[in-house]
Amino acid sequence: MIGFNSARRARAAVSAGARDLEVPQVKEENICLPLSVNAVCRYWGVEIPMDEARKIATRYAGARGSILIEGICLAEAHGLSCSIHHSSMAALRRSIEAGAPPIVILPGLRDTVQHASVISGYDDTEGTILHYIPEPGGGGEFQLGAIPQSQFAEMWGEDGMLLISIAPPEIAASLDLGDAGRARSNRLCFEAERLSLQSRGEEAVAMLREAIGMDASNSTAHSLLGGMLNSAGSAECTEHYGRALEINPRCYLAHRGLGNHLLKAKDYAGAERSYTAAIGINAARFGPIHKNRGIARLELGDREGARADLEEYLRQVPSAPDRRDIRKAISEI
Numbered sequence: 240m241i242g243f244n245s246a247r248r249a250r251a252a253v254s255a256g257a258r259d260l261e262v263p264q265v266k267e268e269n270i271c272l273p274l275s276v277n278a279v280c281r282y283w284g285v286e287i288p289m290d291e292a293r294k295i296a297t298r299y300a301g302a303r304g305s306i307l308i309e310g311i312c313l314a315e316a317h318g319l320s321c322s323i324h325h326s327s328m329a330a331l332r333r334s335i336e337a338g339a340p341p342i343v344i345l346p347g348l349r350d351t352v353q354h355a356s357v358i359s360g361y362d363d364t365e366g367t368i369l370h371y372i373p374e375p376g377g378g379g380e381f382q383l384g385a386i387p388q389s390q391f392a393e394m395w396g397e398d399g400m401l402l403i404s405i406a407p408p409e410i411a412a413s414l415d416l417g418d419a420g421r422a423r424s425n426r427l428c429f430e431a432e433r434l435s436l437q438s439r440g441e442e443a444v445a446m447l448r449e450a451i452g453m454d455a456s457n458s459t460a461h462s463l464l465g466g467m468l469n470s471a472g473s474a475e476c477t478e479h480y481g482r483a484l485e486i487n488p489r490c491y492l493a494h495r496g497l498g499n500h501l502l503k504a505k506d507y508a509g510a511e512r513s514y515t516a517a518i519g520i521n522a523a524r525f526g527p528i529h530k531n532r533g534i535a536r537l538e539l540g541d542r543e544g545a546r547a548d549l550e551e552y553l554r555q556v557p558s559a560p561d562r563r564d565i566r567k568a569i570s571e572i
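Structure representation (C-alpha cells):
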C-alpha cells in the first residue's frame, strides 16, 4: 500500500484570516515533471524518480516549456489523484483550508505565455495570496511570493481560473472543487496539447471537439481549438476564438490568437483591435505581441504607434533574434 503524508494537512502556519501550507523546497524538474507538480507530490510524501520523467521527455525532443499532463500522469501512476477545474477564489481557499495546495495557471512574462504556480496559502490581513516561487532567495532558501488578492484574481482569470488539484484519493474525494464532467472536459484540453506536441494534430482537434461536446462553456477548449485551427489555416478558428471570448472576455490567448489570424488575413484594423484588447488585459504577458501590433499599425499608417510598439517589443524581449532587423525598421519609420 502507498503511504501518503496526509498529516501535512495539520502542519501549516495558521492564524486568524491566514493560512500557509508547508510546501517543501524542490529544485529538481523536467519538462515532463514540472517543478509545480514535483513540489506538490513531495508535499504528500511522494517522490517521483527523475529518471521516469527523463525517459518520457525523450518523446519531446526540442519541446519548449513544461508538459503538465505528463507530470499529472506521473503523479497518478504513483497513487495520487488529479483533477483540473475552471475554479474560483472560494474553491481555491477551500483547497488550502483542507491542506491541499492547488496548482494554478498564471500568465507568463515577455516570451513565455503562461506558467504553473503552487498556491501555498493566503493572508486576509495583508490581502494577499501566497505562492511558491521556485527560485533560491537569500541564504539558499526558497522565496514565498505574495500577490494582492485582487491582482491575483485578475491574473488567474486570464486563463479561466484553471486549477489543478493533486492529492491522495481520500483527500481529493473530500474536496469540493467542481463538476466531474467539466473536469473531464478540462483534462481533454491538456491531453490534446500533448497530442499536438506529438505532431498528432488531427487527433488533437478531434479531442478538443469532444471536450466542447462535454462542456460547451469551456473557454479553454474553444481557445485551444481556435489556435490549432488557426495553425492549420482554417477560418473556423474565428468562431472558436469568439466563443472563448463570450465565455471569458479576459481570455488573453483568444484575443492574441484572433489578432494573429486577422494579421495573416491582412485585416489590419481587426488585428490591431484584437492585439490592443490583449495588451489592455496584460501588457507584459507576451513581448512579441507588441511587434505584431506594430506591424498592423504600420500597415494602417500609424507610424508613431508602430514605432512605440516595436521599441516596446525590444524592451520586453532584449534577446530577440530579430533585434537587428527591428532596430533597422525603427530607424526607417
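Residue numbers for the sequence shown, in this note's numbering: 240 to 572.
Each residue gets a CB set at the ideal place from its N, CA and C atoms; glycine is no exception.
Buried or exposed for residue i, going by 16 or more other Cβ atoms inside 10 Å?
i, result
"R542", "exposed"
"V556", "buried"
"Q390", "exposed"
"R562", "exposed"
"S558", "exposed"
"E397", "buried"
"T364", "exposed"
"D564", "exposed"
"A445", "exposed"
"I410", "buried"
"R298", "exposed"
"D548", "buried"
Identify the continuous beta strand (DSSP E) that holds residue i and give its terminal residues.
i, result
"I306", "Segment: none, I306 is in no beta strand (DSSP E) and carries neither H nor E."
"G360", "353-362"
"R258", "257-260"
"M265", "Rather than Met, the amino acid found at residue 265 in this sequence is Val. No beta strand (DSSP E) holds V265; DSSP gives it neither H nor E."
"I518", "Unbroken run through I518 is the alpha helix (DSSP H), 507-520; no beta strand (DSSP E)."
"L345", "342-346"
Looking at residue i: is its Cβ nearer than 7 angstroms to the Cβ of residue j?
i, j, result
"R258", "G360", "yes"
"N269", "A296", "yes"
"L416", "S404", "yes"
"G498", "Y514", "yes"
"C271", "A302", "no"
"A392", "L427", "no"
"V262", "P340", "yes"
"I344", "A355", "yes"
"L502", "N531", "yes"
"Q388", "G420", "no"
"A572", "R536", "Correcting the residue type first, residue 572 is Ile in the shown sequence and not Ala. No, the Cβ-Cβ distance between I572 and R536 is not below 7 angstroms."
Determine the extent of the alpha helix (DSSP H) in which residue i is found, giving its start and end residues.
i, result
"I486", "476-486"
"P408", "408-413"
"G287", "Here residue 287 turns out to be Ile, not Gly, going by the sequence shown. Careful: I287 lies outside any alpha helix (DSSP H) and carries neither H nor E."
"I534", "527-538"
"C321", "Per DSSP, C321 belongs to no alpha helix (DSSP H); it is in the beta strand (DSSP E), 320-325."
"Y491", "491-503"
"Q390", "388-396"
Just to confirm my understanding: we take residue i, look at its own chain, exclude 5 residues before and 5 after, and list those with CB closer than 6 angstroms. What are they?
i, result
"G377", "Its pLDDT being 41, under 50, G377 is placed unreliably in this model, and the coordinates cannot settle the point."
"P462", "The sequence shown places Ser at residue 462, not Pro. Contacts found: A483, C490, L492, A493."
"E442", "L434"
"S456", "I486"
"I306", "I270, C271"
"F381", "Bear in mind that the predicted position of F381 carries a pLDDT of just 45, short of 50, making it too unreliable to give a figure here."
Apart from the five residues just before and just after residue i, which ones in its own chain have a Cβ nearer than 8 angstroms to its Cβ?
i, result
"R566", "L553"
"F429", "L307, I308, I311, I323"
Within the same chain, show all residues whose beta-carbon is closer than 7 angstroms to that of residue i, passing over the 5 residues directly before and after it, in chain order.
i, result
"S275", "I342, A355, S356, V357"
"Y507", "A535, E538, L539"
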